[in-house]
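Worksheet for the structure shown next.
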Amino acid sequence: MSTKQKILTILRQDGNIVSGEKLAATLDISRTAIWKAVRELEKQGYHIEHFPNGYHYLVSDVLEKN
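For the working numbering, add 9 to where a residue sits in the sequence shown, where the first one is 1.
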């Protein structure tokens, strides 16, 4: 599983704001790598909100809600 897929999985499963620090520690990569992966996910069409304390995935597809 790629880093982007792992980040997306964590954000989807958590459902709350997840800090970049927590993502980095969980995946054992830098916060910069997290930031770059999140940007790539956004370019691919995923809706991820940015907050001072982390990231939150917004379910954007009706099929994903089920």
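Built from N, CA and C at the ideal position, the CB exists for glycine as well.
None of these values were measured; they are calculated from a predicted model.
- Annotation: Lys13 to Gly63 spans about 16 Å, alpha carbon to alpha carbon.
- If you look at Ile57, you'll find it in the beta strand (DSSP E) that goes His56 to Phe60.
- Within the same chain, Ile57 come within 8 Å of Glu51 by CB-CB distance, once the 5 residues on both sides are set aside.
- Closest option to Ile43, judged by alpha-carbon separation, among Gln53, Ser28, Gly54 and Tyr55: Ser28.
- Rounded to whole angstroms, His65 and Leu20 show a C-alpha spacing of 6 Å.
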